[in-house]
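A short worksheet on the structure shown next.
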Amino acid sequence: MLRSTPVFASCHMTRQETLRLLWEKYVHDQKLDAAQLRQLRDLVQDPANQPLVAELLDSTYSETTNDVAAELAPAAAFHETWEKLQHIDQVRSAPVVSLRPRSNWRKYAAAAVLVLAIGFTMYRFTRSTDTVALVDPTPARNDDSLIAPGGNKATLTLADGSVVSLNDQANGVVASQGATSVVKLSNGELAYQVAEGSSTPAGYNSITTPRGGKYQVALPDGSKVWMNAESSLRYPTSFSSNERIVELTGEAYFEVAHNPSKPFHVMVNKMDIKVLGTHFNVMAYANEDIIATTLVEGSVQLNSPLHKMQLKPGQQGVQPENGVFQLNENPDIRQVLAWKNDYFQFNNERVDKLMRQLERWYDVSVVYENGLPDRKFGGKIPRSSPLKDVLKALELSDVKFRVSGKTITVINN
Numbered sequence: 578m579l580r581s582t583p584v585f586a587s588c589h590m591t592r593q594e595t596l597r598l599l600w601e602k603y604v605h606d607q608k609l610d611a612a613q614l615r616q617l618r619d620l621v622q623d624p625a626n627q628p629l630v631a632e633l634l635d636s637t638y639s640e641t642t643n644d645v646a647a648e649l650a651p652a653a654a655f656h657e658t659w660e661k662l663q664h665i666d667q668v669r670s671a672p673v674v675s676l677r678p679r680s681n682w683r684k685y686a687a688a689a690v691l692v693l694a695i696g697f698t699m700y701r702f703t704r705s706t707d708t709v710a711l712v713d714p715t716p717a718r719n720d721d722s723l724i725a726p727g728g729n730k731a732t733l734t735l736a737d738g739s740v741v742s743l744n745d746q747a748n749g750v751v752a753s754q755g756a757t758s759v760v761k762l763s764n765g766e767l768a769y770q771v772a773e774g775s776s777t778p779a780g781y782n783s784i785t786t787p788r789g790g791k792y793q794v795a796l797p798d799g800s801k802v803w804m805n806a807e808s809s810l811r812y813p814t815s816f817s818s819n820e821r822i823v824e825l826t827g828e829a830y831f832e833v834a835h836n837p838s839k840p841f842h843v844m845v846n847k848m849d850i851k852v853l854g855t856h857f858n859v860m861a862y863a864n865e866d867i868i869a870t871t872l873v874e875g876s877v878q879l880n881s882p883l884h885k886m887q888l889k890p891g892q893q894g895v896q897p898e899n900g901v902f903q904l905n906e907n908p909d910i911r912q913v914l915a916w917k918n919d920y921f922q923f924n925n926e927r928v929d930k931l932m933r934q935l936e937r938w939y940d941v942s943v944v945y946e947n948g949l950p951d952r953k954f955g956g957k958i959p960r961s962s963p964l965k966d967v968l969k970a971l972e973l974s975d976v977k978f979r980v981s982g983k984t985i986t987v988i989n990n
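What the sequence shown shows, in this note's numbering, is residues 578 to 990, in sequence order.
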């Protein structure tokens with residue numbers, strides 16, 4: 578009969594030696610049972626072991642960055658490990674602190690998942706002291722009220738001007754417009770069903786997500802759109818015979834149904850994004866200083882009164898306030914699409930830009946005390962995390978926060 582490996586405890590072994598041994602076994606994919614994982618979690622949570630934990634993380638990071646060209650394996654492996662650890666003694670979910678995607682992904686995933694499961698430690702995305710990613714188990718709140726993350730929330734404005742709150746609607750038909758039915762599906766997606774042979778003139782609908790909202794819509798042509806918080810999409814209930822035009826403010830990810838005879842246009846401010854069938858993300862918030870179009874697959878052409886640019890997969894077209902396109906040939910696609918995959922992902926991110934994302938998702942306002950902190954952050958945090966957990970993940974830096982109602986004050990020490 579097989580016996581589980583015993584918990585490491587011996588009068589000949591110090592607690593720090595035990596921590597080091599369990600850590601090394603775990604990171605190097607040697608099986609630990611539930612009791613050993615609980616012991617490892619408890620050792621890492623011990624404040625007396627914080628210096629050693631930092632050393633172990635730094636060592637693990639070094640092991641995983643030898644081959645800078647290697648890519649991280651699919652995120653499914655990370656989530657599989659995380660799901661297993663979540664059920665060890667019902668450990669409370671904590672913010673994810675992700676290492677830079679590099680080689681030896683098994684060691685990377687093991688170390689990262691261990692950190693998020695135990696709910697304590699700090700880790701740097703890079704060696705730079707200017708970029709930090711932190712998780713701190715010690716709350717420093719002035720207001721302990723729970724500000725929950727966003728979710729599926731949107732309103733639909735019909736062609737006649739009437740407004741439907743999609744949050745309150747049961748699955749099924751939510752509106753009828755001539756021969757077109759608007760249906761809320763069981764997966765939360767909004768879809769359009771047009772009767773065959775219909776010649777009803779097209780009207781325009783708009784779907785709008787508030788702060789703290791997101792939504793997914795399938796357009797009449799079968800194209801799919803994922804909408805981020807504080808965004809709006811205007812589109813016809815049926816497309817014309819020769820083109821498909823929609824208008825966007827905010828941020829959305831598009832999977833456009835291929836139809837060479839009907840080019841698809843996304844109108845953003847004074848820019849026209851022309852596609853045939855492709856996957857791409859558009860970020861066009863009014864309070865950001867750029868419009869960024871990131872192509873995942875296919876081909877798009879960016880058009881403005883001043884410039885034109887053709888994008889290839891993996892490229893990003895950036896339009897700053899002066900209107901002249903700039904090409905980014907190596908954008909961080911994971912970071913761009915993190916919101917669609919229900920994460921925040923920061924890579925050398927300025928505090929103000931990071932906080933604008935939190936404003937939109939948690940429906941809060943941010944003010945700054947003593948100016949804007951000169952800090953940059955890196956990390957990966959589930960958007961399902963309560964706001965207080967996200968703030969904890971930042972507070973071991975020199976930046977502190979004070980929460981009062983729906984207002985966050987960023988304190989620059």
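No residue lacks a Cβ here, since even glycine has one placed at the ideal position from N, Cα and C. It should be emphasised that the depicted structure is a prediction, and the values quoted were computed from it without experimental measurement.
By a beta-carbon distance limit of 8 Å, Pro950 contacts Val976. Their separation comes to about 5 Å.
Leu964 is positioned such that its CB atom lies no closer than 8 Å to that of Val944. The Cβ-Cβ distance between Asn989 and Asn924 does not fall below 8 Å.
Here Asn880 has Asp849 as same chain residues with Cβ atoms under 6 Å from its own Cβ, once five neighbours each way along the sequence are excluded. For Ala863 and Gly827, the gap between their C-alpha atoms comes out near 7 Å. Taking C-alpha positions only, Met860 is separated from Gly755 by approximately 33 Å. The secondary-structure analysis by DSSP pairs Gln922 across a beta bridge with Lys957. Contact between Gln892 and Leu904 holds: CB atoms are separated by about 6 Å, below the 8 Å threshold. Here DSSP, grouped into helix, strand and coil, assigns Ala631 to helix. In this structure, Leu733 lies away from Val760, with their beta-carbon atoms at least 8 Å apart. In this structure, the beta-carbon distance from Ser800 to Phe831 falls below 8 Å. In this chain, the beta strand (DSSP E) harbouring Glu832 covers Arg821 to Glu832. Between Leu620 and Thr595, the CB-CB gap stays under 8 Å.
Within the stretch 929-990, the complete beta strand (DSSP E) runs of at least 3 residues fall at 942-946, 953-959, 976-981 and 984-989. In terms of Cα proximity to Asn744, the closest of Ser817, Asn764 and His842 is Asn764. The residues Val760 and Lys761, in chain order, have a CB closer than 8 Å to that of Gly749 in the same chain once the five nearest residues on each side in sequence are set aside. Tyr812 is classed as buried because its beta carbon has at least 16 other beta carbons within 10 Å across all chains shown. Rounded to whole angstroms, the gap between the alpha carbons of Ser739 and Tyr769 is 17 Å. 8 Å or more divides the Cβ of Gly780 from the Cβ of Gly727. Taking 3 residues as the shortest admissible run, the stretch 734-802 contains the following complete beta strand (DSSP E) segments, listed from N- to C-terminal end: 740-742, 749-754, 757-761, 767-771, 781-786 and 790-795. Between Pro840 and Thr814, the gap from beta carbon to beta carbon reaches 8 Å or more. Contact between Ala829 and Val802 holds, since their C-beta atoms are separated by about 5 Å, short of 8 Å. Secondary structure at Gln887: strand, using DSSP grouped into helix, strand and coil. Per the coordinates, the alpha-carbon of Gln896 lies some 10 Å from the alpha-carbon of Lys847. When the five nearest sequence neighbours on each side are left out, the beta carbons in the same chain lying within less than 8 Å of the beta carbon of Val928 are those of Leu949, Pro950, Arg952, Lys953, Phe954, Val976 and Val987, in order along the chain. Between Gly894 and Met886, the CB-CB gap stays under 8 Å. Here Met590 is not bridged, per DSSP, to any residue. If you look at Leu810, you'll find it in the beta strand (DSSP E) that goes Ser808 to Pro813. Looking at the DSSP output, Arg597 bridges to nothing. DSSP lists no beta-bridge partner residue for Gly900. Bridge pairing for Ala625: absent [DSSP]. DSSP, reduced to helix, strand and coil, places Leu914 within a helical segment of the structure shown. Apart from the 5 residues on each side of it in sequence, Lys889 sits with its Cβ closer than 8 Å to the Cβ of Leu872 and Ser876 in its chain, given in chain order.
In this structure, the alpha-carbon of Val630 lies about 29 Å from that of Asp909. Beyond the five residues adjoining it in sequence on each side, Arg597 comes within less than 8 Å, by CB distance, of Leu629 and Leu633 in the same chain, given in chain order.
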